[in-house]
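Novice: Mind having a look at this structure? Questions to follow.
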Amino acid sequence: GESVGLHLPTLSVQEGDNSIINCAYSNSASDYFIWYKQESGKGPQFIIDIRSNMDKRQGQRVTVLLNKTVKHLSLQIAATQPGDSAVYFCAEKAHFNNDMRFGAGTRLTVKP
Amino acid sequence: DAMVIQNPRYQVTQFGKPVTLSCSQTLNHNVMYWYQQKSSQAPKLLFHYYDKDFNNEADTPDNFQSRRPNTSFCFLDIRSPGLGDAAMYLCATSRGPRQIYEQYFGPGTRLTVT
Chain V
61 GESVGLHLPT LSVQEGDNSI INCAYSNSAS DYFIWYKQES GKGPQFIIDI
111 RSNMDKRQGQ RVTVLLNKTV KHLSLQIAAT QPGDSAVYFC AEKAHFNNDM
161 RFGAGTRLTV KP
Chain R
6 DAMVIQNPRY QVTQFGKPVT LSCSQTLNHN VMYWYQQKSS QAPKLLFHYY
56 DKDFNNEADT PDNFQSRRPN TSFCFLDIRS PGLGDAAMYL CATSRGPRQI
106 YEQYFGPGTR LTVT
């Protein structure tokens, strides 16, 4: 069967609270960053992206913050709902190639 | 409405028995990717095609091969599956090469090796 995987970092929040999920990236050449949501048994689903010439981008209930100085990315989810429960991955990409690298992932659990 | 389709969703194969996973897309995207995702881990890129140009990741085992007969279809062939190859296999597409375009993922095929 499958080899044992790493334990994902876990964030548990109360319904209605705000969630902050963090990600550190390693490649200084990365200039495009994406947050994906992956529910159990499904493929990753695009949430929001940000280019390196920005430090903040807002979507519907989500905000991504980028700090290039310390190579840190965060995803903020406002008024977290049970449907937000999933594993969240950040991904980084450089414009000069097709490769996208995923971060380790964080499991978000929303308690009703 | 499905844009990236993977078949089958669940595949069981025997140790050492070749298996093929398939992916098709209705987006007419130039780039197609195959990822391997093991339990509680991030997806790991195996290889990708830009049109017919095949790009293999350096650490992808030789046991894994891919074919892209046309724009719409891409196949992942595992020549001699081992127990360690049991995983979710994700196909993704993106619009263009070397550009900042998001990737669209299929639902994945979960491979079990007995």
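Protein chains in written order, with our numbering: chain V, 61 to 172; chain R, 6 to 119. Think of the CB as a built atom: it goes at the ideal place given N, C-alpha and C, for glycine as much as any other residue. If you're wondering where the values come from, they're calculated on a predicted model, not measured in any experiment.
1) Can you tell me where the beta strand (DSSP E) with R/V17 in it begins and where it stops?
2) Consider the Cβ of V/L71: report whether some Cβ of chain R lies at a distance smaller than 7 Å.
3) List, in chain order, every chain R residue whose beta-carbon is nearer than 7 Å to that of V/L68.
4) Please confirm if V/P43 has its CB atom under 7 Å from at least one CB of chain R.
5) Am I right that R/F78 and R/S71 are in contact with their C-beta atoms under 8 Å? What's the rounded C-beta distance?
6) Using 10 angstroms around the beta-carbon of V/I80, count the other beta-carbons present and answer buried if the total reaches 16, otherwise exposed.
7) Using a Cβ-based criterion (distance less than 6 Å to any ligand heavy atom), does V/A151 qualify as near the ligand GDP?
8) Comparing C-alpha positions only, which one of V/G165, V/T169, V/G119, V/W95 sits nearest to V/P142?
9) Can you name the residues that DSSP bridges to V/T123?
10) Within the same chain, show all residues whose beta-carbon is closer than 6 Å to that of V/N82, passing over the 5 residues directly before and after it, in chain order.
11) Taking 7 Å as the threshold (C-beta atoms), are R/M93 and R/G113 in contact?
12) If I'm right that R/M8 touches R/C96 with Cβ under 8 Å, what's the distance once you round it to whole angstroms?
Specialist: The relevant details are as follows:
1) 15 to 18
2) no
3) S45
4) Absent from the model: residue 43 of chain V. The displayed extent of chain V is 61 to 172, so no value can be given.
5) Contact flag wrong, Cβ pair sits at about 11 Å.
6) With fewer than 16 other Cβ atoms within 10 Å, it is exposed.
7) Among the components of this structure there are no ligands whatsoever, and the ligand GDP is therefore not found.
8) V/T169
9) Bridge partners of V/T123 according to DSSP: V/Q118, V/Q136.
10) S134
11) yes
12) Wrong, their Cβ atoms sit about 11 Å apart, outside the cutoff.
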